[in-house]
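Scroll down for the structure; my scribbles are underneath it.
Residue numbers (this note's numbering): 619 to 1004.
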């Protein structure tokens, strides 16, 4: 085996939304495939919600699904910044068809879906401007809405229409977002009766899945040495979290690119890889609390999180707000940025909106277990410094 330096340099490891060495998530993939099968047998759209903490791999899963779903499936993507109406959906379908190089001989069949989406006059105009692409009747359309927990009310009417009537084509609505995504969707009138299997709660990957992903990378670039040992070392640095696995894999790749290492795992400094991974993880956790209100006094925010970590019995948002209020009363009413204890609810809501906290069963907890340990260490460092 020869180390392919040029390939290693080209690896796309900087985009957190792409997982070039995807592994695992078999339950989530199976749920999506079942949705496609169901969509082919009914007129209404079928919904799938993948929700979880930041960095758990929701968007990279959607990217992987788009890659493995086959020729008959078109993925169209939307986010909160996009206009979401029938015309924009038609344009997105057109772009997806063009990107997927669908066969041109069935171009005439696109008229049916376009007509159902945007109407005769607008269809005629778009066709005159260059056409909508070729979409056969057997095509499955997947509408992926990312960051769905924060989507505005402008999405509501069309989400409701998709649920009630569909678009005249097999359609799966794929929603990815934080742990409150399902509640956001169920607030839309008529959306409270989603199928029981519509929502997948995503958490950490299994250690073996992280190992498989890393060994795939090492095999691809032709690294020499003990792949399995190196993959286990890197997998443990991830704590099962896809975002951290990506950063640990990048640290390993960068190490192998050092001239004196040159792809040889025996010469790699795993202490240096661990240091880079730890720094990346700490930087990421700090960035999560770098948000309005939470960042005004990060030490105070960290104390709130550490108090929750120690309590482990906060069951309602009111109890969470009360805990935040007690921390403010003890630590936050003095200093350069004094807080009003009545801001406890605002802190609680901000922690939820940032995906730092999630509801697990009947209680609240820090979404990423390794972040809870980081929070505790940060509080201890602050206490020793003061």
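Each residue gets a CB set at the ideal place from its N, CA and C atoms; glycine is no exception.
Element boundaries [alpha helix (DSSP H), containing residue i]
i, result
"residue 936", "935-945"
"residue 690", "First-last for residue 690: undefined, no H or E at that position."
"residue 792", "Where residue 792 is concerned, there is no enclosing alpha helix (DSSP H), although the beta strand (DSSP E) it sits in stretches over 789-795."
"residue 873", "860-874"
"residue 650", "644-657"
"residue 891", "888-906"
"residue 803", "799-804"
"residue 679", "676-686"
"residue 626", "623-628"
Beta-carbon gap between residue i and residue j smaller than 9 Å
i, j, result
"residue 975", "residue 964", "no"
"residue 795", "residue 669", "yes"
"residue 842", "residue 883", "yes"
"residue 874", "residue 621", "yes"
"residue 943", "residue 916", "no"
"residue 966", "residue 946", "no"
"residue 790", "residue 763", "no"
"residue 878", "residue 885", "yes"
"residue 867", "residue 625", "no"
"residue 788", "residue 657", "yes"
"residue 766", "residue 973", "no"
"residue 1014", "residue 940", "In the structure as shown, the chain starts at 619 and stops at 1004, and residue 1014 therefore has no counterpart that could be examined."
"residue 809", "residue 629", "no"
"residue 818", "residue 649", "yes"
"residue 957", "residue 914", "yes"
N-terminal and C-terminal residue of the beta strand (DSSP E) that residue i is part of
i, result
"residue 669", "664-670"
"residue 971", "From DSSP, residue 971 is part of no beta strand (DSSP E) but of the alpha helix (DSSP H) over 962-971."
"residue 1001", "Careful: residue 1001 lies outside any beta strand (DSSP E), inside the alpha helix (DSSP H) at 987-1003."
"residue 928", "Taken as a continuous stretch (DSSP letters only), residue 928 belongs to no beta strand (DSSP E), being part of the alpha helix (DSSP H) at 916-929."
"residue 982", "981-984"
"residue 974", "Counting along the chain, residue 974 falls outside any beta strand (DSSP E), and DSSP gives it neither H nor E."
"residue 781", "Element bounds for residue 781: not the beta strand (DSSP E) but the alpha helix (DSSP H), 774-782."
"residue 598", "Outside the shown range of the chain, which is 619 to 1004, sits residue 598, and nothing can be said about it."
8 Å contact criterion, which residue i and residue j should meet: CB distance rounded
i, j, result
"residue 949", "residue 918", "6 Å"
"residue 642", "residue 827", "3 Å"
"residue 833", "residue 849", "4 Å"
"residue 781", "residue 662", "6 Å"
"residue 647", "residue 692", "Wrong, their Cβ atoms sit about 18 Å apart, outside the cutoff."
"residue 862", "residue 855", "7 Å"
"residue 667", "residue 816", "6 Å"
"residue 768", "residue 977", "Not quite, the Cβ-Cβ distance comes to about 17 Å (not below 8 Å), so this is no contact."
"residue 793", "residue 665", "7 Å"
"residue 912", "residue 996", "Wrong, their Cβ atoms sit about 14 Å apart, outside the cutoff."
"residue 982", "residue 923", "Contact doesn't hold; Cβ gap of about 11 Å is too wide."
"residue 675", "residue 637", "7 Å"
Nearest neighbour of residue i, chosen from the options [CA to CA]
i, options, result
"residue 761", "654, 806, 831", "654"
"residue 852", "893, 877, 838", "893"
"residue 758", "890, 694, 830", "694"
"residue 778", "659, 627, 807", "807"
"residue 784", "637, 994, 660", "660"
"residue 969", "905, 1000, 931, 816", "905"
"residue 678", "798, 619, 820", "820"
"residue 933", "980, 881, 681", "980"
"residue 673", "864, 625, 840", "864"
"residue 644", "888, 686, 840, 772", "686"
"residue 857", "992, 690, 766", "992"
"residue 881", "838, 765, 681", "838"
"residue 859", "909, 988, 1002", "988"
"residue 651", "941, 690, 773", "690"
"residue 627", "775, 876, 805, 844", "876"
"residue 803", "776, 825, 994", "776"
"residue 773", "623, 696, 891, 811", "696"
Residue i CB to nearest heavy atom of the ligand NAD below 8 Å
i, result
"residue 992", "You won't find the ligand NAD in this model; it holds no ligand whatsoever."
Secondary structure, beta strand (DSSP E): runs of 3+ residues fully inside the segment 811-868 = For the segment 811-868, whole beta strand (DSSP E) runs of length 3 or above, ordered along the chain, are 817-820.
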